[in-house]
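Below: one structure, written as structure tokens.
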């Protein structure tokens with residue numbers, strides 16, 4: 253049996269790694285397609301792009317790993333059924349559950365590893381990915397000069413070149429407008445040719461200008477009532493430097509991202525949920541204090557039982573109110589209206605605050621359940637894929653891939669639907685996050701039972717016989 257167990261595990265590992273890599277590659281390509289506008293034209297180095305793709309791949313693991321488990325289990329057991337090896341195993345007296353036992357144990361260990369990844373590795377990967385992608389998005393596009401078009405990317409400068417050489421370093425007939433003094437186009441530099449160079453690892457751009465002129469308008473003080481003077485300077489060679497630090501990728505502090513829910517592990521999520529609950533309780537107590545302060549004058553009207561004596565309150569109020577002058581009565585009414593409006597505004601504000609904190613609490617609880625759903629999903633999808641492969645008895649990427657995609661789409665759609673309905677308070681957090689598991693688990697149990705009894709529910713003969721039986725019954 254040990255050789256059979258070893259054969260089964262080795263037969264499972266190949267399709268598992270292959271489908272995982274394929275799924276991860278497809279998801280990475282979808283990521284590049286989604287963020288291509290943020291990456292192109294930024295002059296990003298290969299190392300930075302590789303780092304971004306590494307963290308993006310880590311973020312995609314919760315999507316790729318369940319699909320790999322599903323496809324690999326269908327392919328493995330489908331291949332055993334297609335080669336009649338599964339039939340031979342059953343004929344030798346080995347039950348399907350005993351045959352599946354090594355992969356069940358292996359999948360349980362993979363599920364534990366998935367939980368460790370989701371709780372410890374995924375928050376770090378999300379943090380690094382979000383930070384780096386935000387840095388790239390904020391970076392300005394790489395500096396590029398097109399012929400006969402003014403380039404305004406460099407702050408306070410407008411540069412135009414009429415011609416470029418093949419090496420993109422030498423340009424001809426260059427014009428530079430200097431706006432550093434914020435006085436319009438009062439300073440222009442012309443040159444017949446120039447060479448571009450970069451210093452300090454690209455932080456500074458140097459332009460070596462040749463055979464040119466500089467024109468600058470010197471404005472005189474208004475009180476002198478003297479027109480502006482035009483200063484003209486001829487030069488043979490002039491090297492001018494431009495600061496390009498804003499074009500370099502600068503890593504920002506990660507503290508602004510560390511408090512996001514997807515960046516936290518299970519313990520941090522639990523602590524965050526408790527802090528939100530504590531803040532909600534403080535807000536509730538403060539709201540009740542404001543209400544009690546508004547009705548504090550009723551304390552003097554309580555009877556011995558501690559309840560408000562409405563009749564005594566009404567008599568005292570009306571007797572005192574009737575004794576007031578008309579202006580004083582208006583003052584009492586206006587004061588009461590002002591207090592009522594103030595109390596209403598306070599209660600509305602506190603209600604909005606409590607609603608916001610409650611939604612924050614829901615997010616904490618959703619991500620807490622999400623730490624476990626990946627592990628359980630791998631186990632549930634295995635119990636769908638393994639019996640499904642044993643039933644269809646087809647290996648390769650044909651039927652297995654088609655059926656795997658169908659069940660995986662069901663898993664993804666129900667997971668997203670459950671999460672969104674929980675965010676909208678239609679379902680509780682645990683109901684929303686476990687919705688896909690609740691729907692797929694009965695399917696896995698049903699397929700396992702059918703595979704144990706050698707049911708041909710996914711074969712054409714089964715449906716052909718079923719159709720003929722119904723036809724015969726209808727004739728009778």
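Numbering (my numbering), first residue to last: 253 to 728. C-beta atoms are modelled at their ideal positions from N, C-alpha and C, and glycine is treated no differently. This structure is a prediction, so every number in the text was calculated from the model and none was measured.
### Task
Could you spell out the range, first to last residue, of the beta strand (DSSP E) harbouring residue 457?
Here the beta strand (DSSP E) through residue 457 covers 456-470.
### Task
Can you say whether residue 672 is buried or exposed, counting buried as having 16 or more other CB atoms within 10 angstroms of its CB?
It is exposed - the Cβ of residue 672 has fewer than 16 other Cβ atoms within 10 Å.
### Query
Can you name, in chain order, every residue of its own chain whose Cβ lies under 8 Å from the Cβ of residue 310, other than the five neighbours on each side?
The residues are 373, 374, 377, 381.
#### Entry: Residues that DSSP places opposite residue 446 in a beta bridge
Answer is 423, 461.
### Message
Buried or exposed, going by whether 16 or more other CB atoms sit within 10 Å of the CB of residue 580?
### Response
Its Cβ having fewer than 16 others within 10 Å, residue 580 is exposed.
### Span of the beta strand (DSSP E), counted from its first residue to its last, around residue 482
Secondary structure note for residue 482: its beta strand (DSSP E) is the uninterrupted segment 481-495.
#### Entry: Length of the line joining the Cα atoms of residue 533 and residue 600
Whole-angstrom Cα-Cα distance: 16 Å.
### Query
residue 409 and residue 415: beta carbons closer than 8 Å?
No, these two residues do not count as a Cβ contact at 8 Å.
### Task
Under 8 Å Cβ to Cβ from residue 670, same chain only, skipping five residues before and after it: list those, please.
For residue 670, where only same-chain residues beyond five positions count, the Cβ hits under 8 Å are 679, 683, 684, 685, 686, 687, 688.
### Task
Let me know the secondary structure DSSP gives residue 416 once reduced to three states.
Looking at residue 416 - three-state DSSP - the assignment turns out to be strand.
### Query
Considering only C-alpha positions, which residue in the set 419, 694, 617, 260 is nearest to residue 243?
With the chain running from 253 to 728 in the structure shown, residue 243 is simply not present.
### Task
Using three-state DSSP, classify residue 411 as helix, strand or coil.
If DSSP states are grouped into helix, strand and coil, residue 411 belongs with the strands.
### Query
Are the beta-carbon atoms of residue 691 and residue 636 separated by less than 8 Å?
No, the pair does not count as a contact, with Cβ atoms beyond the cut-off.
### Task
Enumerate in chain order the residues of its own chain whose CB-to-CB distance from residue 562 is below 6 Å, with the five nearest sequence positions on each side excluded.
The predicted model places residue 562 with a pLDDT of 43, which falls under 50 and marks its position as unreliable; any figure quoted below should be read in that light. Contacts found: none.
### Bridge partner(s) assigned by DSSP for residue 399
413, per the DSSP bridge assignment.
### Query
Is DSSP giving residue 528 helix, strand or coil here?
Note: residue 528 maps to helix in three-state DSSP.
#### Entry: DSSP state of residue 406 mapped onto helix, strand, coil
Looking at residue 406 - three-state DSSP - the assignment turns out to be coil, as it is neither helix nor strand.
### Query
Taking Cβ to Cβ, would you say residue 319 is nearer than 8 Å to residue 271?
Against a cut-off of 8 Å, the Cβ pair of residue 271 and residue 319 comes out as a contact.
### Query
In terms of residue numbering, what span does the alpha helix (DSSP H) encompassing residue 433 cover?
Where residue 433 is concerned, there is no enclosing alpha helix (DSSP H), given that its DSSP letter is neither H nor E.
### residue 296 - DSSP class collapsed to helix/strand/coil
The answer is coil: DSSP assigns residue 296 none of H, G, I, E or B.
### Query
Are the CB atoms of residue 644 and residue 266 nearer to each other than 8 Å?
No, the Cβ-Cβ distance between residue 644 and residue 266 is not below 8 Å.
### Spatial distance of residue 468 from residue 412 (CA atoms)
Distance between the alpha carbons of residue 468 and residue 412 is about 18 Å.
### Task
Return the residue from the list 315, 355, 640, 379 that minimises the CA-CA distance to residue 366.
That would be 315, whose Cα lies nearest to the Cα of residue 366.
### C-beta atoms of residue 260 and residue 355 nearer than 8 Å
In this structure, residue 260 places its C-beta atom within 8 Å of the C-beta atom of residue 355.
### Query
Do the CB positions of residue 482 and residue 465 come within less than 8 Å of each other?
In terms of Cβ geometry, residue 482 and residue 465 do not form a close pair [threshold 8 Å].
#### Entry: Environment of residue 639 [buried if 16+ CB atoms lie within 10 Å]
Result: buried.
### Expected contact under 8 Å - CB spacing of residue 427 and residue 440 to nearest Å
Sure, about 7 Å apart at Cβ, within 8 Å.
### Query
Is residue 376 helix, strand or coil by DSSP?
Residue state, collapsed to three classes: helix.
### Task
State yes or no: is the beta carbon of residue 349 nearer than 8 Å to at least one beta carbon in chain C?
No chain C is part of this structure, which consists of one protein chain only.
### Message
Run through the DSSP bridge pairs and tell me what residue 632 is partnered with.
### Response
Per DSSP, residue 632 has no beta-bridge partner at all.
### Task
Could you check which residue in 349, 385, 339 has the C-alpha nearest to that of residue 287?
Looking at the Cα atoms, 385 is the closest of the given residues.
### Task
Decide if residue 681 is buried, meaning its Cβ has at least 16 other Cβ atoms within 10 Å, or exposed.
Result: buried.
### Task
Compute the Euclidean distance between the alpha carbons of residue 522 and residue 516, then round it to the nearest angstrom.
Taking the straight line joining both Cα atoms gives about 9 Å.
### Query
Which one or two residues does DSSP pair with residue 311 in a beta bridge?
Paired residues: none, contrary to the question.
### Task
Taking residue 324 as the reference, give the member of 585, 660, 433 with the closest Cα.
The option with the nearest alpha carbon to residue 324 is 660.
### Task
Spatial neighbours of residue 531 within its chain, please: CB distance less than 7 Å, with the 5 preceding and 5 following residues excluded, ordered by chain position.
Non-local beta-carbon contacts of residue 531 in its own chain, meaning distances under 7 Å to residues more than five positions away in sequence, involve 609 in chain order.
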